[in-house]
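Residue numbers (the UniProt record's numbering): 1 to 796. From the three backbone atoms N, C-alpha and C, an ideal C-beta is built for every residue, glycine too.
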């Protein structure tokens, strides 16, 4: 075969092929000589998108009927055609490579024409409603372009739903729209219509639209949460004081539960109304109140569930005997709840000036971070750390309680307007009733801490079995990385990632490092960089990194330990102590419970099961992986720690367990299996032939007395007596006759074959006698008239 412009071994077409080319189009042709025929082929499961033919003296490559479906099913940017060329005197094989012209040929296409979901209410914030769409599959779109086919979903702004884009793991051309709730939704209009747009990354970009309808499930009845008519009660103490709290009418109260909580709850008695619509709070143990106590604080709680909970704050002022019973001036805000960020200096927490009065800090707990800024007449604070466990010990959540006392001086100049508001927003006004204001400062978390790895240590080394050894040991994972973050909420949620490599991946949630498809060869060392990012891996999260090394281990670098009466955690602890004592790092690939069966007699009369731990152990000397011999020496050097340890090689363990041969090794055993099967069949055939020959011989001896196997004297041709049992007995033969007959029988007996000699009828022990007529022994008697003789032979 010859051609001036075509290489039969391998030819690459520099021209790019448009993916919209119709089937049957010739994409390239070349003049050839001495070519009789040509045939294109591909692998068994591959589709032939381009084919080749011989048109006279031209070799033509053309698109097949499958070519329009290339973008839908394939991801490669070029196609290979393998061909067989039949020349005048020989045959050649080669390939033809055709590149594609990359363009944005297709717009994203939704898998359904429209979507409809019926959702139950209420639903929490950020809830994903995808499980209610398309039988749980959600909204999906597919872009079959080879490049720039990632899809981004958008919807017009609305008060309920926002959308996120997410690729589908099993299909690189398919993407999923995650529809989430902006806020907690208690009620929703009858039907919510959304127009979802899917836009690809091509130039120019293309888009597709689909209609999504979301409707509430009206079969689910939602009850409004309970709520008190009065959310704050402030009174002066009285021995006959009775506080009545009632829920707002119209609320379902049958299943509402009431309780009280707070630092002074021991001074109150709770009584629930008979119709369960309210409660009474009665003062008790008033005589035990400390003389220095200035107020009582308790919270009444009405709850239906964890999500439906209402509270009412009760503040009872205890006037001192030496003070005025009724304050001459009253505060405007008795209780103020505010949120402040940690690690920040706050310069305007609360205004201290009120008309001609000014606040003073009477008490604060915990700590003393808040102070009076007299230059501005405001309450300010120094930075505080939300993660200071000693500071906020004993509190439900990090918070401060500050008591401000109002002191008035008629001569004090008015400096601050009464309608002053803080940057935190307006505070709720209540009735003037006391000269003290209580500030409850809730500390909000900021992302000021980075994740800290707790396991393993930085620059630690681990071993992983290589090649077929990993298929036999089947380790579930390399290790589990653990990290913690002192922050709270989303700031403390950690997502794990690992540097790009061909051998190991990591679960972003659990931190489990697992093997990929590429096997690690023995002696290969790789360095992995593990990253932990808080805020669930967000771009604004803090990231910490750690490095570990992984070394491929062979069988000569592993030891199997079988230790009796020791569970896996205890065995690992002892191995750690052994490594610390000897200056090595000792770890395990597998460490599991096992049961060892010990045969006590050759007759298999009894067996005993002992609980043991089986571990596959390796050890590092810094970054050097110890050999099997060194490991055995290390373990045997501490016999007191492992007095009953049984040390094996990995192959010895599998030979005990007798596992099935791996797929790669089974091919080597096939010839031996075939030879063994053939020999077994041949032996069975020889045994069957021997039994058949033996039975045939005995039958012939029994039926043909004239044919050399006659069981009577040669001096008589009398027939065998059929009914031998009815013949009367005769005199016994003489000794000479018996000797002569024995010599004749010895001459007539045929030579027995080896198989006949080896065929032994085995009778199992303790087998009862069987009276079956088929298996029972039949006895026949033959007589000779001239020579009186009786012979008995057995017939089966």
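Taking buried to mean at least 16 other C-beta atoms within 10 Å of its own C-beta, is residue i buried or exposed?
i           : result
residue 546 : buried
residue 138 : buried
residue 553 : buried
residue 384 : buried
residue 257 : exposed
residue 474 : exposed
residue 695 : exposed
residue 682 : exposed
residue 172 : exposed
residue 614 : buried
residue 587 : buried
residue 169 : exposed
residue 398 : buried
residue 678 : exposed
residue 112 : exposed
residue 528 : buried
residue 71  : buried
residue 267 : buried
residue 608 : Caution is warranted here: a pLDDT of 40 is assigned to residue 608, below 50, making its placement in the model unreliable, and no coordinate value can be reported.
residue 525 : exposed
residue 229 : exposed
residue 449 : buried
residue 176 : buried
residue 255 : exposed
Smallest Cα separation from residue i: which of the options?
i           : options            : result
residue 51  : 31, 71, 92, 98     : 98
residue 185 : 397, 307, 348      : 307
residue 345 : 362, 371, 364      : 371
residue 804 : 61, 8, 39          : Given that the chain is displayed from residue 1 to residue 796, the structure contains no residue 804 and the question cannot be resolved.
residue 132 : 477, 289, 117, 543 : 117
residue 367 : 339, 521, 402      : 402
residue 460 : 48, 480, 446, 217  : 480
residue 364 : 375, 379, 358, 374 : 379
residue 382 : 376, 340, 394      : 340
residue 571 : 287, 550, 557, 594 : 594
residue 104 : 315, 144, 483, 628 : 144
residue 644 : 472, 612, 672, 631 : 612
residue 443 : 453, 392, 225      : 392
residue 550 : 451, 19, 458       : 458
residue 206 : 241, 583, 197, 376 : 197
Ends of the alpha helix (DSSP H) at residue i?
i           : result
residue 635 : 628-636
residue 386 : No alpha helix (DSSP H) contains residue 386, which DSSP labels as neither H nor E.
residue 438 : Run containing residue 438: none in the alpha helix (DSSP H); it sits in the beta strand (DSSP E), 436-444.
residue 576 : 568-582
Assuming residue i and residue j form a contact by the criterion Cβ under 8 Å, report the distance between their Cβ atoms to the nearest whole angstrom.
i           : j           : result
residue 618 : residue 463 : 4 Å
residue 354 : residue 406 : 7 Å
residue 516 : residue 650 : About 22 Å; that fails the 8 Å criterion.
residue 220 : residue 179 : About 19 Å separates the two Cβ atoms, so there is no contact after all.
residue 151 : residue 165 : 6 Å
residue 85  : residue 26  : That pair is no contact at about 18 Å.
residue 234 : residue 434 : 7 Å
residue 38  : residue 53  : 7 Å
residue 317 : residue 237 : 7 Å
residue 438 : residue 358 : Rounded, the Cβ-Cβ distance is 17 Å, inconsistent with contact.
Would you mind reading off the limits of the beta strand (DSSP E) that contains residue i?
i           : result
residue 801 : No statement about residue 801 is possible, as the shown extent of the chain runs from 1 to 796 and does not include it.
residue 316 : 309-317
residue 470 : Segment 468-473 is the alpha helix (DSSP H) holding residue 470; no beta strand (DSSP E) there.
residue 84  : 78-87
residue 560 : 559-564
residue 266 : Here residue 266 belongs to no beta strand (DSSP E), and DSSP marks it neither H nor E.
residue 496 : 495-498
residue 797 : Nothing can be reported for residue 797: it is not among the residues displayed for the chain, which extend from 1 to 796.
residue 338 : 335-341
residue 273 : Premise fails: residue 273 is in no beta strand (DSSP E) and is neither H nor E.
residue 399 : 399-408
residue 449 : Premise fails: residue 449 is in no beta strand (DSSP E) and is neither H nor E.
residue 166 : 161-167
Please check if any C-beta of chain C sits within less than 7 Å of the C-beta of residue i.
i           : result
residue 286 : Note that chain C does not occur in the displayed structure, where there is just one protein chain.
With a floor of 4 residues, list each alpha helix (DSSP H) that falls wholly inside the region 16-74, ordered by position along the chain. 70-73
Completely contained alpha helix (DSSP H) runs for the region 500-544, where each covers 4 or more residues: Runs found: 534-537.
May I have a chain-ordered list of the beta strand (DSSP E) segments no shorter than 3 residues that lie completely inside the region 207-254? 207-216, 232-236, 242-246
Tell me the start and end of each unbroken beta strand (DSSP E) in the region 97-149 that is at least 3 residues and wholly inside, in chain order. 114-119, 139-142
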